[in-house]
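In this note's numbering, the protein residues as written are 16 to 207.
Put into structure tokens, the structure is as follows:
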């Protein structure tokens, strides 16, 4: 299916919608994740492009106007074969962070920092946060401490649930030590 976005307007306990808008590439996508860049007042959508690559991790910047959304050009975050993308906005540093599985590198967990400028986004280099087979990734931002927290399933360690704290500096991110939060297989981690 083509990637499509729609703007919703909340009034009281109801929501109404504008017209759906297809991402500019008009290609089949999955693994969609969104984050709101409050510094630039933009929506950033990340997704896996199932045609170009295939499996290329891409991102686009959306601008909401009234009940519609328009997009800049898609930017490739990773060359190909990436899954489980989870995007979050680091409001302390004004950056987008994308955590994902790099299936071209033994399915390790990686993250990269994105910088929005106008209707474009550019990325720093990918940094590995888990060197084993990683899936079910969910990234959130801790605004109290100014840190990104990534939770995931570590297939290389009996499918245990783990979390790790990331610190953004410029266009890069560094990580502390991973911490196990569940000793048996975990699935379907959410994000907030």
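Just so you know, even glycine gets a beta-carbon here, dropped at the ideal spot from N, CA and C. Only a predicted model underlies this, so the values are computations on that prediction, with no experimental measurement involved.
Query raised in the report: Which residue comes first and which comes last in the beta strand (DSSP E) that contains residue 55?
Result: To locate residue 55, count along the chain shown from 1; it is residue 40. Segment: none, residue 55 is in no beta strand (DSSP E) and carries neither H nor E.
Report task. Measure the C-alpha to C-alpha separation of residue 78 and residue 69 and round it to an integer number of angstroms. Result -> The residue you call residue 78 lines up with position 63 of the chain shown. The residue you call residue 69 lines up with position 54 of the chain shown. Cα to Cα, residue 78 sits roughly 27 Å from residue 69.
Query raised in the report: Can you round the beta-carbon distance between residue 86 and residue 38 to whole angstroms, since I take them to be within the 8 Å contact cut?
Result: For this step, residue 86 is matched to residue 71 along the chain shown. For this step, residue 38 is matched to residue 23 along the chain shown. At roughly 6 Å, the Cβ-Cβ gap stays under 8 Å, so residue 86 and residue 38 are in contact.
Query - residue 114, DSSP secondary structure in three states - result: Translated into positions along the chain shown, residue 114 becomes position 99. Residue 114: strand per DSSP, three-state reduction.
Requested in this report: Rounded to whole angstroms, what's the CA-CA distance from residue 207 to residue 155? Just pull it up for me.
Outcome: Along the chain shown, read from residue 1 onward, the residue named residue 207 stands at position 192. Along the chain shown, read from residue 1 onward, the residue named residue 155 stands at position 140. Low local confidence applies: a pLDDT of 46 at residue 207 is under 50, so the model's placement there is unreliable, and no value is given.
Query raised in the report: Assuming residue 99 contacts residue 170 under a Cβ cut-off of 8 Å, what Cβ separation, rounded to an integer in Å, is found between them?
Result: One-based indexing of the chain shown puts residue 99 at position 84. One-based indexing of the chain shown puts residue 170 at position 155. Actually they are not in contact, since the Cβ atoms of residue 99 and residue 170 sit about 11 Å apart, beyond 8 Å.
Query raised in the report: Tell me which same chain residues have a C-beta within less than 6 Å of the C-beta of residue 142, skipping the five on either side of it?
Result: By one-based count along the chain shown, residue 142 stands at place 127. Result list for residue 142: 126, 188, in chain order.
Requested in this report: Report the rounded CA-to-CA distance for residue 186 versus residue 71, giving the unit in angstroms.
Outcome: Residue 186 sits at position 171 when you count from the first residue of the chain shown. Residue 71 sits at position 56 when you count from the first residue of the chain shown. Taking the straight line joining both Cα atoms gives about 20 Å.
Query - When 101, 162, 74, 50 are compared against residue 136, the one with the closest alpha-carbon - result: Taking the first residue of the chain shown as 1, we reach residue 136 at position 121. Taking only the C-alpha atoms, the option nearest residue 136 is 74.
Requested in this report: Below 8 Å on the Cβ atoms is my guess for residue 61 versus residue 92; work out the distance and round it to an integer in Å.
Outcome: For the purposes of this step, residue 61 is taken as residue 46 along the chain shown, with counting starting at 1. For the purposes of this step, residue 92 is taken as residue 77 along the chain shown, with counting starting at 1. Sure, about 7 Å apart at Cβ, within 8 Å.
Query raised in the report: Once you ignore the five residues that flank residue 210 on each side, which residues in its own chain have a CB closer than 7 Å to its CB?
Result: The displayed coordinates of the chain run from 16 to 207. Any statement about residue 210 would go beyond what the structure contains.
Query raised in the report: If we ignore side chains and look at the alpha-carbon of each, how far apart do residue 46 and residue 106 end up?
Result: Within the chain shown, the letter at position 31 stands for residue 46. Within the chain shown, the letter at position 91 stands for residue 106. Their Cα atoms are separated by approximately 23 Å.
**Report entry** Span separating the alpha-carbon of residue 172 from that of residue 165
**Finding:** Locating residue 172 in the chain shown gives position 157, where the first residue counts as 1. Locating residue 165 in the chain shown gives position 150, where the first residue counts as 1. Near 17 Å, if we compare the C-alpha coordinates of residue 165 and residue 172.
Report task. Return the CA-CA distance between residue 163 and residue 153, expressed in angstroms with no decimal places. Result -> Position 148 of the chain shown, counted from the start, is the residue given in the question as residue 163. Position 138 of the chain shown, counted from the start, is the residue given in the question as residue 153. In a straight line, the C-alpha of residue 163 is about 10 Å away from that of residue 153.
Requested in this report: Mind checking who residue 91 pairs with in its DSSP beta bridge?
Outcome: Counted from its first residue, the chain shown places residue 91 at position 76. According to DSSP, which records beta bridges pairwise, residue 91 is partnered with 73.
Query raised in the report: Which first and last residues belong to the beta strand (DSSP E) in which residue 119 is found?
Result: As a position in the chain shown, residue 119 is number 104, starting the count at 1. Per DSSP, residue 119 lies in no beta strand (DSSP E) segment and is marked neither H nor E.
Query - Contacting residues, own chain, Cβ-Cβ under 8 Å from residue 19 (five flanking each side not counted) - result: Working through the chain shown from its first residue, we reach residue 19 at position 4. Contacts found: 35, 36, 37, 38.
**Report entry** Other residues of its chain near residue 148: CB distance less than 6 Å, five sequence neighbours each side excluded
**Finding:** Numbered from 1 along the chain shown, position 133 holds the residue referred to as residue 148. Same-chain partners within the cutoff: 122, 170, 171.
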